[in-house]
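These notes concern the structure reproduced below.
Residue numbers (our numbering), protein chains in the order written: chain W, 2 to 80; chain X, 11 to 296.
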């Protein structure tokens with residue numbers, strides 16, 4: 002099941018814009034998510050979706066835009 | 011007042027420790043100034059940084075281990091800057107750009123969280139008869155408010171900035187000399203500092219990653235610094251790992267100590283390479 006919108010809502014909850022206004026191509030910085038907020042987002046995704054990311058997947062350099070977050074999170078969700 | 015283009019991505023390659031530094035760099039970059047030379051005085055040894063946060067228990071928002079970039083810019087005649095307290099927003103025709111201090115309540119209401127420090131400024135970027143547009147560095151944002159709305163958010167202090175001219179070759183040479191002296195004389199020992207405070211550890215890394223990025227940008231003007239890239243990425247990962255532990259309330263201090271030992275070791279290696287390469291380039295014994 003595609004849970005993109007649900008993930009976008011979680012991204013929005015730590016950003017300064019609403020889920021409807023976020024595009025997959027938007028950089029996290031451009032929607033108000035700096036390096037500290039990025040970690041807050043990871044924690045929120047884990048808590049709200051009941052998943053745990055591997056350390057190796059939490060390289061900040063690999064999570065630059067909303068689409069990166071959606072792709073990574075989808076990989077952890079049950080089919 | 012001069013209008014300035016809004017390009018929030020510009021902040022991606024600007025390394026600041028405060029909002030005022032952010033906006034000053036933004037203005038210099040937008041006007042094609044060679045601001046990279048201003049990073050010359052931004053070297054602090056890792057032991058000094060750790061000591062500042064972990065021993066002296068000082069906080070990130072007021073870090074003064076290196077001179078503020080605006081101080082360097084003013085000293086070298088790049089710009090003039092003045093802070094004025096005035097109850098109304100009144101742009102001065104003698105100056106080009108204006109930063110406004112906004113009420114903490116406005117910041118909290120608009121951005122959902124408090125700023126790093128109470129005296130947070132935004133940069134005015136454009137205006138017409140009835141509206142003013144500003145940009146905010148963190149979180150990155152721009153907004154257009156009516157004059158009345160902005161007056162309500164305004165907290166009575168304004169920083170005026172006037173560009174005077176790009177850095178001269180003579181200033182660039184002086185700053186290079188300063189940089190070489192700093193890296194030669196810095197306290198760069200493998201000191202063991204007990205880590206008992208997760209926030210202080212995180213803040214030490216926050217400063218370290220900014221200062222080492224500045225060093226990368228500064229030195230890249232003179233030598234190839236690709237050897238630093240993996241280290242810079244490592245600093246980001248360590249920073250995120252500490253913040254993750256803090257948010258999870260699972261701070262593991264032995265893990266932190268290991269992390270810092272590794273960072274200290276790599277930092278010293280990086281500095282040795284910089285000293286060698288810069289020394290070869292400029293024939294100095296550093």
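No residue lacks a Cβ here, since even glycine has one placed at the ideal position from N, Cα and C.
(Q) Would residue 280 (chain X) and residue 60 (chain X) qualify as a contact pair, given that the criterion is a beta-carbon distance under 8 Å? (A) Taking the second chain and counting its residues from 1, the one referred to as residue 280 (chain X) is at position 270. Taking the second chain and counting its residues from 1, the one referred to as residue 60 (chain X) is at position 50. No, they are not a contact pair.
(Q) For residue 19 (chain W), would you say it is in contact with chain X, using Cβ-to-Cβ distances shorter than 8 Å as the test? (A) The sequence position of residue 19 (chain W) within the first chain is 18, counting from 1. False, the Cβ-Cβ gap to chain X never drops below 8 Å.
Q. Helix or strand or just coil, what does DSSP make of residue 108 (chain X)?
A. Locating residue 108 (chain X) in the second chain gives position 98, counting from the first residue. In the structure shown, residue 108 (chain X) sits in a strand (DSSP, three-state: E or B).
Q.
Using a Cβ-Cβ cutoff of less than 6 Å, which residues in the same chain neighbour residue 109 (chain X) once the five nearest sequence positions on both sides are dropped?
A. Within the second chain, the letter at position 99 stands for residue 109 (chain X). Excluding positions up to five away in sequence, the list reads 33, 131, 133 and 169.
Q. Going by other Cβ atoms of all chains shown within 10 Å of its Cβ, with 16 needed for buried, is residue 26 (chain X) buried or exposed?
A. The residue labelled residue 26 (chain X) in the question sits at position 16 within the second chain. Buried, by the Cβ-count rule.
(Q) I need the DSSP call for residue 177 (chain X), collapsed to helix, strand or coil. (A) Taking the first residue of the second chain as 1, we reach residue 177 (chain X) at position 167. DSSP places residue 177 (chain X) in coil when its eight states are reduced to three.
Q | Neighbouring residues, chain W, relative to residue 249 (chain X) (Cβ below 9 Å) | A | Against the second chain, residue 249 (chain X) aligns to sequence position 239. Result: 36, 37, 40 and 61.
Q | Every unbroken alpha helix (DSSP H) inside the segment 136 to 177 of chain X [4 residues or more] | A | 157 to 163
Q: Report yes or no: is there a C-beta of chain W within less than 8 Å of the C-beta of residue 187 (chain X)?
A: Against the second chain, residue 187 (chain X) aligns to sequence position 177. It does not; no Cβ of chain W falls within 8 Å.
**Q.** Short Cβ contact (8 Å threshold) for residue 291 (chain X) with residue 232 (chain X)
**A.** Residue numbering aside, residue 291 (chain X) sits at position 281 when the second chain is read from its first letter. Residue numbering aside, residue 232 (chain X) sits at position 222 when the second chain is read from its first letter. Cβ distance < 8 Å, so residue 291 (chain X) and residue 232 (chain X) count as in contact.
Q: Could you work out which residues of chain W lie near residue 22 (chain X), taking near to mean beta carbons separated by less than 9 Å?
A: As a first step, residue 22 (chain X) is located in the second chain; it is residue number 12 there, counting from the start. Going along chain W in sequence order, the residues near residue 22 (chain X) (Cβ under 9 Å) are 28 and 30.
(Q) Between the alpha carbons of residue 86 (chain X) and residue 29 (chain W), how many angstroms are there, rounded? (A) Stepping through the second chain from its first residue, residue 86 (chain X) is reached at position 76. Stepping through the first chain from its first residue, residue 29 (chain W) is reached at position 28. Near 36 Å, if we compare the C-alpha coordinates of residue 29 (chain W) and residue 86 (chain X).
Q. Would residue 52 (chain W) count as contacting chain X if we go by Cβ distances under 8 Å?
A. Indexing the first chain from 1 puts residue 52 (chain W) at position 51. For residue 52 (chain W), the answer is no, since every Cβ of chain X falls outside 8 Å of its Cβ.
**Q.** Closest by C-alpha distance to residue 225 (chain X), when choosing among X:164, X:104 and X:185
**A.** Along the second chain, one-based indexing puts residue 225 (chain X) at 215. When each option's Cα is compared against that of residue 225 (chain X), the closest is X:185.
Q.
Taking 8 Å as the cut-off, does the segment 187 to 198 of chain X touch the segment 140 to 151 of chain X (at least 3 CB pairs, one atom from each stretch)?
A. no
Q.
Would you call the segment 208 to 220 of chain X in contact with the segment 242 to 259 of chain X, where contact means no fewer than 3 C-beta pairs closer than 8 Å?
A. yes
Q) Going along chain X in order, which residues have a C-beta closer than 8 Å to the C-beta of residue 68 (chain W)? A) Your numbering for residue 68 (chain W) matches position 67 in the first chain. Neighbours of residue 68 (chain W) on chain X: none; closest Cβ ~16 Å, over 8 Å.
Q. In this structure, does DSSP put residue 94 (chain X) in helix, strand or coil?
A. The sequence position of residue 94 (chain X) within the second chain is 84, counting from 1. Three-state DSSP puts residue 94 (chain X) in a strand.
Q. Just to confirm, are residue 27 (chain W) and residue 66 (chain W) a CB contact at a threshold of 8 Å?
A. Start at 1 with the first residue of the first chain, and residue 27 (chain W) comes out as number 26. Start at 1 with the first residue of the first chain, and residue 66 (chain W) comes out as number 65. Against a cut-off of 8 Å, the Cβ pair of residue 66 (chain W) and residue 27 (chain W) comes out as a contact.
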